[in-house]
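A.B. asks:
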Ligand SMILES: [Zn+2]
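Numbering (our numbering), first residue to last: 28 to 193.
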C-alpha cells in the first residue's frame, strides 16, 4: 500500500532512474520490459481499469511500469497478471506520444499546455499553479494519477525536457 502525501514530496523526483541496488531490497521489474517498476495500490489499479476488467484485478501486490515504450501499465508480482494501456479508461501520460498527453490528472494539465507556454513565454506557470494547489491540500494524486503518486515529479521532468528541446 503506497500512500504519498503530495505536500511531503521532494519536488525534484528526478532520480527515478538511479537505482540504489541492495540485495536486501530487490527491485521489482516489469514482467514485459524488465524495467524498474514502482509499487502501486490495488485501489489505484481498480480506479483506472475499464469496468469489464475489474474482476481480474485480484488482491495482490501491484506495480506500475513507467517505461514510455512498454505497453504494460500494471502487473501483479505473484500471479503474473498484467494490464496494458488499452485496459485502462484513462490515458497514461508517460505511455502516450500524441496529444492529449496528461501530466496532471487532478487539475487536467496536458503536456501541450506546458509546451505552448514555453514556446510563447519562454517559461511555464503550470508547475507553480499545481504546487500552490498541492500546498493547499487540494490535489488527489493518490487516486487520480495512474502511478498513484504526486504528479509534480513527472511535471518537473516534462518541463525540463521541453525547455531543453526548444
Ligand atoms: Zn514495462
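In this text, a Cβ means the ideal position worked out from N, Cα and C, and glycines have one as well.
1. Should residue 15 be listed as close to ligand 1, given that the test is whether its C-beta is under 6 Å from any heavy atom?
2. Which residues does DSSP pair with residue 136 in a beta bridge?
3. Kindly examine ligand 1 and report whether one of its heavy atoms sits closer than 6 Å to the Cβ of residue 103.
4. Would you give the residue range spanned by the beta strand (DSSP E) that residue 64 belongs to?
5. For a minimum of 3 consecutive residues, which ranges assigned as the beta strand (DSSP E) are wholly contained in the region 100–178?
6. Going by CA-CA distance only, name the one from 167, 142 and 175 that's closest to residue 187.
7. For the beta strand (DSSP E) holding residue 92, just list the boundary residues, first then last.
8. Considering only heavy atoms of ligand 1, does any lie closer than 6 Å to the CB of residue 99?
9. Between the alpha carbons of residue 175 and residue 68, how many angstroms are there, rounded?
10. Within 8 Å, do at least three Cβ pairs link the region 156–175 to the region 121–136?
C.D. replies: In short:
1. The chain is shown only over 28 to 193; residue 15 falls outside these bounds and no answer can be derived.
2. According to DSSP, which records beta bridges pairwise, residue 136 is partnered with 131.
3. Ligand 1 has no heavy atom closer than 6 Å to the beta-carbon of residue 103.
4. 64–67
5. 109–111 and 129–131
6. 142
7. 89–92
8. yes
9. 7 Å
10. yes
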